[in-house]
Amino acid sequence: MNVAVAYEKAAADGRAALVGYLPAGFPTVAGAVDAINAMIDSGVDIVEIGMPYSDPVMDGLVIQRACQVALEAGVRTRDIISTVDQVTGQGVPILVMTYWNPVERYGVDAFARDLAGAGGAGLITPDLIPDEADEWLAASDVHGLDRIFLVSPSSTDERLAMTVRHCRGFVYATAVMGVTGARDATSSLAQPLVARAKAVPGAPPVSVGLGVRNGKQAAEVGAFADGVIVGSALVSALLDASTPEEGLAGIRSLTTELRAGVAAAIR
Numbered sequence: 016m017n018v019a020v021a022y023e024k025a026a027a028d029g030r031a032a033l034v035g036y037l038p039a040g041f042p043t044v045a046g047a048v049d050a051i052n053a054m055i056d057s058g059v060d061i062v063e064i065g066m067p068y069s070d071p072v073m074d075g076l077v078i079q080r081a082c083q084v085a086l087e088a089g090v091r092t093r094d095i096i097s098t099v100d101q102v103t104g105q106g107v108p109i110l111v112m113t114y115w116n117p118v119e120r121y122g123v124d125a126f127a128r129d130l131a132g133a134g135g136a137g138l139i140t141p142d143l144i145p146d147e148a149d150e151w152l153a154a155s156d157v158h159g160l161d162r163i164f165l166v167s168p169s170s171t172d173e174r175l176a177m178t179v180r181h182c183r184g185f186v187y188a189t190a191v192m193g194v195t196g197a198r199d200a201t202s203s204l205a206q207p208l209v210a211r212a213k214a215v216p217g218a219p220p221v222s223v224g225l226g227v228r229n230g231k232q233a234a235e236v237g238a239f240a241d242g243v244i245v246g247s248a249l250v251s252a253l254l255d256a257s258t259p260e261e262g263l264a265g266i267r268s269l270t271t272e273l274r275a276g277v278a279a280a281i282r
């Protein structure tokens, strides 16, 4: 399913889209599939599947801990493709969020081919900038994949506009200057950043990530953004659980709360 369709459906409901992140391979490959399905069943509009990485630059402690578990269990790139394949076909687009090195090592065109073949919708690439992404831009065109780049509060107007113009699917607006992690208050930097990105002619939807942990914060961000991205809080629901069943129940409960939050936002 195309990412644009998910945003159109959410907009037709008068709300922001809810984007949920979980890493592949955590707590196990099969356990991650169960958790992603629980997230879909409970109301996310778009799924991000994180590729565990040993040297992250954007991930905070919670996601690092989950990814380390997956890496120590031997998760590989083929497991990420397999995970995508197992959760598609439910009316929710599936994206992969990955640092660029594993894609280069796999082969850019081969990765795009296999991701598209598994039913994936596209890639979020936190450490790849559009002006160094010629190979990925070409491969994503050939295989019909969305490409999501990041903008931040420190982006100059010129750089922000260039990045937005290269995005397809949505623009990932990082609400804070820092790493991922649930926070007690939403960032005051997010709303002006979204306004700057949306002012670029032809801009796709703009979603805000980093820091949202509950329905109240989802409503705050959903009041001005096209999408609300939640990662660390969902991962914590699995990390903090004493049993797999408790973890899945936590995923369902939090996703339901977040979905109610975006639905309650005053836009």
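In this note's numbering, each number is its position in the sequence shown, counted from 1, plus 15. The beta carbon of each residue, even a glycine, is placed where N, CA and C say it ideally should be.
Taking 8 Å as the threshold (C-beta atoms), are residue j and residue i in contact?
i	j	result
Pro145	Thr178	yes
Ala127	Ala148	no
Glu63	Tyr22	no
Ile55	Gln105	yes
Val34	Val243	yes
Asn229	Glu272	yes
Gly276	Gly246	no
Leu165	Ala131	no
Val215	Ala176	yes
Thr140	Thr171	no
Val44	Val111	no
Ala32	Ser222	yes
Val291	Val107	Nothing can be reported for residue 291, as the shown portion of the chain is limited to 16 through 282.
Ala190	Gly226	yes
Where does residue i sit, in a helix, a strand or coil, going by DSSP?
i	result
Leu1	In this structure the chain extends from 16 to 282, so residue 1 is not present and cannot be described.
Leu204	coil
Ala31	coil
Arg174	helix
Thr258	coil
Gly217	coil
Leu225	coil
Val99	helix
Ile281	coil
Arg91	coil
Gly242	strand
Val59	coil
Tyr187	strand
Gly46	helix
Tyr68	coil
Tell me which residues share the same chain as residue i and place their Cβ nearer than 8 Å to its Cβ, disregarding the 5 neighbours each side in the sequence.
i	result
Asp49	Pro259, Leu263
Pro38	Ala47, Ile64, Gly65, Met66, Pro67, Ile78, Ala81, Cys82, Ala85, Val250
His181	Pro145, Ala148, Leu152, Arg162, Phe164
Lys231	Gly276
Give every residue of the same chain whose Cβ lies closer than 7 Å to the Cβ of residue i, excluding the five residues on either side of it in the sequence, and list them in chain order.
i	result
Arg120	none
Ala218	Val179, Val186, Ala212
Ile109	Val62, Ile64, Val99, Val102, Thr103, Gly134, Gly135, Ala136
Val123	Glu150, Trp151, Ala154
Arg30	Gly237, Val277, Ala278, Ala280
Phe239	Gln206, Val209
Ile96	Asp129, Leu130, Ala133
Ala252	Gly262, Gly265, Ile266, Leu269
Gly40	Ala47, Pro67, Ala85, Ala88, Val90, Asp94
Asn17	Pro108, Ala136
Taking all protein chains shown into account, decide if residue i is buried (16 or more other Cβ within 10 angstroms of its Cβ) or exposed.
i	result
Arg282	exposed
Ala85	buried
Ala53	buried
Ser69	exposed
Pro207	exposed
Gly265	buried
Asp28	exposed
Val20	exposed
Arg162	buried
Arg93	exposed
Asp255	exposed
Ala25	buried
Here's a check: name, in chain order, each residue in its chain whose Cβ is nearer than 6 Å to the Cβ of residue i, leaving out the five neighbours to either side.
i	result
Arg284	Any property of residue 284 remains undetermined from this structure, which presents the chain solely from 16 to 282.
Ala233	Val227, Val243, Leu273, Gly276, Val277
Quick one: is residue i near chain B, going by C-beta distance under 8 Å?
i	result
Gly35	Considering every chain present, this structure includes no chain B. It has just one protein chain.
Quick one: complete alpha helix (DSSP H) runs, 4+ long, within the stretch 107-167? 115-121, 123-132, 149-158
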